[in-house]
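Chains A and B are the protein sequences, given in the same order. When we follow the working numbering, the leftmost residue of the first sequence carries the number 26, and every step to the right adds one. When we follow the working numbering, the leftmost residue of the second sequence carries the number 5, and every step to the right adds one. Backbone N, C-alpha and C fix where the C-beta goes; we use that ideal spot for every residue, glycine too.
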Amino acid sequence: MSRAPAGRVSRPAAAPSELGAIVFTDIAGFTEFTAARGDAEALALLDLQEEVVRSALPPEGRVVKELGDGLLLWLPDAPRAVSTCLDLLDRFADVSRDESPLWVRMGMHWGTPTRRGDDLVGHAVNLAARIVELAAPGELLVSTDVRAAVGGALAGLRLEELGPVVMRGIPDPIGLYRVQRIENPTSPVGSSSSVST
Amino acid sequence: MIGEDRGDLLVEKGADDVARTSEGVEITGKSSTVKVRVPSGTDVVVGTGSGSVELDGTLGDARVTTASGDITVGTVTRLDARTESGSIEVEACAGECRCHSESGELRVGSAGSAELVAASGSVDAGHVGAAHVRAGSGSVKVGLSTAGDVSVEAHSGSVNVEVPPGIHPATDLRAKSGSVRCDCEPGSDGSILVRASSGSITVTER
């Protein structure tokens with residue numbers, strides 16, 4: 026059996042990836058849920074989240090990795106990434122039950138991360154991770170770059186601007202939008218824009 | 005930020021840059037406290053990395069985000085307030101009031117409707133027309149101002165919903181391991197749905 030020299034760790038080579046949607050999912054209140062309901066129910070909740078995601082992810086998308094109570098997803102097409110995430114939020118709501126309340130939130134950024142083996146790393150990934158931290162359960166928040174990448178390609182969406190947002194560790198404020206399907210009757214707070222064709 | 009009876013905008017202190025844009029006035033402060041006076045009813049968007057935000061007086065639609073800081077709001081038309089690690093306190097919001105904190109308390113004096121999420125802090129909504137609340141580990145108190153719809157999901161912590169006298173709501177109350185008590189006569193004046201994992205549920209007449 027060959028071994029790496031002492032003090033050195035073999036790492037996968039880093040390489041630029043292609044432009045795409047970097048999506049983080051996160052189960053809000055998971056720590057509190059685990060404390061209240063125990064590990065077995067918490068694990069079942071994680072399994073349910075992953076099952077829903079894998080069943081709804083389009084063929085070109087992939088689950089990059091699991092992160093505690095969340096997932097990192099990669100989707101190469103912006104309009105499809107947004108519609109997939111909204112579909113996922115609908116499915117999370119559909120399967121959420123008293124015994125398994127799936128308070129899933131999602132954050133998306135459009136950029137070019139760096140590949141490290143099967144993993145994705147870099148500023149674009151960090152940004153997407155910061156975005157999801159501001160989302161509430163059932164929400165999809167996206168960056169200005171997602172909005173630009175979607176352009177006029179998706180009908181029936183309302184992108185409600187939450188303003189330039191200052192995020193920890195990110196030098197410049199990021200334009201952030203809350204995405205909803207237009208059939209939702211709730212009127213948005215503040216200015217908003219609709220993307221339609 | 006102070007909304008008051010005035011016709012102009014006054015930057016009192018702290019701004020490093022003030023720029024007019026197609027959407028309004030953009031004020032930037034790098035590290036010090038920024039204090040701005042604006043006409044009553046002005047729509048505002050405020051973001052900070054690690055400082056607290058105070059919106060005093062009367063403002064229009066307000067959107068506020070902080071990474072770590074408390075948010076205090078006086079009177080607004082509508083509100084979207086988010087903080088990762090701070091509390092949010094709102095005096096009065098005429099319309100939809102959305103507040104989200106990962107690790108702080110939420111307190112809303114009055115709101116047309118409220119959508120409140122606190123991962124690990126308590127929630128107290130005094131007089132609201134309707135409410136949707138999710139709380140991870142704190143107690144939840146919701147006071148209805150009229151026959152509205154309320155839904156509360158709480159992982160741990162007690163839930164108390166107060167309804168005005170004479171209101172008879174439809175109720176659906178389930179607690180996994182706590183007690184459930186409803187003092188109201190059942191009816192169809194709005195609805196109250198509560199799910200609690202380990203806390204008690206009470207619905208009382210104010």
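Going by beta carbon distance, what residues of the same chain come within less than 8 Å of residue i, once the five residues before and after it are set aside?
i                 : result
GLY78 of chain B  : GLY7, LEU59, ASP60, GLY61, THR62, LEU63, GLU95 and ALA96
SER91 of chain B  : ASP74, ILE75, SER105, GLY108, GLU109, LEU110, ARG111 and GLY125
VAL190 of chain A : LEU159, PRO198, ILE199, GLY200 and LEU201
Three-state secondary structure (DSSP) at residue i?
i                 : result
ILE207 of chain A : coil
LEU145 of chain A : strand
ALA173 of chain A : helix
ARG79 of chain A  : helix
THR52 of chain B  : strand
THR69 of chain B  : strand
ILE199 of chain A : strand
LEU191 of chain A : Rather than Leu, the amino acid found at residue 191 of chain A in this sequence is Val. In the structure shown, VAL191 of chain A sits in coil (DSSP, three-state: anything other than H, G, I, E or B).
ALA60 of chain A  : helix
ARG82 of chain B  : strand
ASP74 of chain B  : coil
CYS188 of chain B : coil
ARG130 of chain A : strand
ASP112 of chain A : helix
VAL120 of chain A : helix
VAL107 of chain A : helix
VAL146 of chain B : strand
Please list, in chain order, all residues of the same chain as residue i whose beta carbon is under 6 Å from its beta carbon, the five residues on each side excluded.
i                 : result
VAL42 of chain B  : GLY7 and LEU13
ALA53 of chain A  : TRP128, ARG130 and PRO162
SER204 of chain B : SER162, GLY182 and SER183
SER27 of chain A  : Its pLDDT being 45, under 50, SER27 of chain A is placed unreliably by the model, and the measurement read from it follows with that caveat. The answer is none, since no qualifying residue turns up.
GLY116 of chain B : ALA98, GLY99 and GLY133
ARG199 of chain B : GLU157 and ARG178
ASP128 of chain B : ARG111 and LYS145
ALA174 of chain B : SER192 and SER195
VAL167 of chain A : MET133, TYR202 and VAL204
GLU166 of chain B : GLY147, THR208 and ARG210
GLU85 of chain A  : PRO101
GLU93 of chain B  : THR76 and ARG111
From residue i to residue j, what does the alpha carbon distance come to, in whole angstroms?
i                 : j                 : result
ARG24 of chain B  : GLU30 of chain B  : 6 Å
ARG10 of chain B  : THR76 of chain B  : 22 Å
GLY73 of chain B  : LYS17 of chain B  : 20 Å
ALA179 of chain B : GLY147 of chain A : 44 Å
GLY28 of chain B  : ASN151 of chain A : 30 Å
SER114 of chain B : PRO168 of chain B : 14 Å
THR206 of chain B : GLU208 of chain A : 34 Å
ALA103 of chain A : ASP170 of chain A : 10 Å
PRO210 of chain A : ASP115 of chain A : Reliability of the predicted coordinates at PRO210 of chain A is poor, the pLDDT of 42 falling under 50, and no value is obtained from them.
CYS186 of chain B : ALA65 of chain A  : 32 Å
PHE58 of chain A  : GLY51 of chain B  : 30 Å
ALA118 of chain A : LEU71 of chain A  : 15 Å
ALA40 of chain A  : ASP143 of chain A : 11 Å
ASP94 of chain A  : VAL137 of chain B : 21 Å
SER89 of chain B  : THR70 of chain B  : 8 Å
GLY191 of chain B : ILE171 of chain B : 8 Å
SER56 of chain B  : GLY152 of chain B : 32 Å
LEU82 of chain A  : GLY45 of chain A  : 15 Å
PRO213 of chain A : GLU209 of chain B : Residue placement at PRO213 of chain A cannot be trusted, given a pLDDT of 46 that sits under 50; the coordinates are not used to answer.
ARG141 of chain A : GLU43 of chain A  : 13 Å
HIS134 of chain A : GLY63 of chain A  : 33 Å
PHE55 of chain A  : VAL15 of chain B  : 42 Å
THR46 of chain B  : VAL80 of chain B  : 9 Å
ALA123 of chain B : SER141 of chain B : 7 Å
THR222 of chain A : ARG206 of chain A : Confidence at THR222 of chain A is low in this model, with a pLDDT of 27, below 50, so the placement of that residue should be treated as unreliable; the coordinate-derived value is given next. The alpha-carbon atoms of THR222 of chain A and ARG206 of chain A are separated by roughly 14 Å.
LEU92 of chain A  : CYS188 of chain B : 45 Å
ARG87 of chain A  : SER44 of chain B  : 49 Å
THR150 of chain B : ALA135 of chain B : 11 Å
VAL22 of chain B  : HIS159 of chain B : 45 Å
Thinking C-beta only, is residue j closer than 9 Å to residue i?
i                 : j                 : result
LEU165 of chain A : GLY188 of chain A : no
SER195 of chain B : ASN164 of chain B : no
LEU113 of chain A : THR50 of chain A  : yes
GLY125 of chain B : GLY147 of chain B : no
GLU75 of chain A  : LEU96 of chain A  : yes
PRO126 of chain A : GLU119 of chain B : no
ARG193 of chain A : ARG155 of chain A : yes
VAL175 of chain A : VAL107 of chain A : yes
ARG82 of chain B  : CYS103 of chain B : no
ASP20 of chain B  : THR37 of chain B  : no
VAL48 of chain B  : VAL68 of chain B  : yes
ALA61 of chain A  : SER155 of chain B : no
ILE47 of chain A  : ALA149 of chain A : yes
Quick one: is the Cβ of residue i within less than 8 Å of any heavy atom of the ligand MG?
i                : result
ARG67 of chain B : The ligand MG is absent from the structure shown, which contains no ligand whatsoever.
What does residue i pair with, by DSSP beta-bridge criteria?
i                 : result
PRO43 of chain B  : B:GLU8
ILE196 of chain B : B:VAL154 and B:THR175
Starting from the C-beta of residue i, find all residues in its chain whose C-beta is less than 7 Å away, skip the five residues before and the five after it, and write them out in chain order.
i                 : result
VAL120 of chain A : LEU73, VAL77 and LEU127
ILE195 of chain A : LEU152 and ARG155
ALA69 of chain A  : SER125
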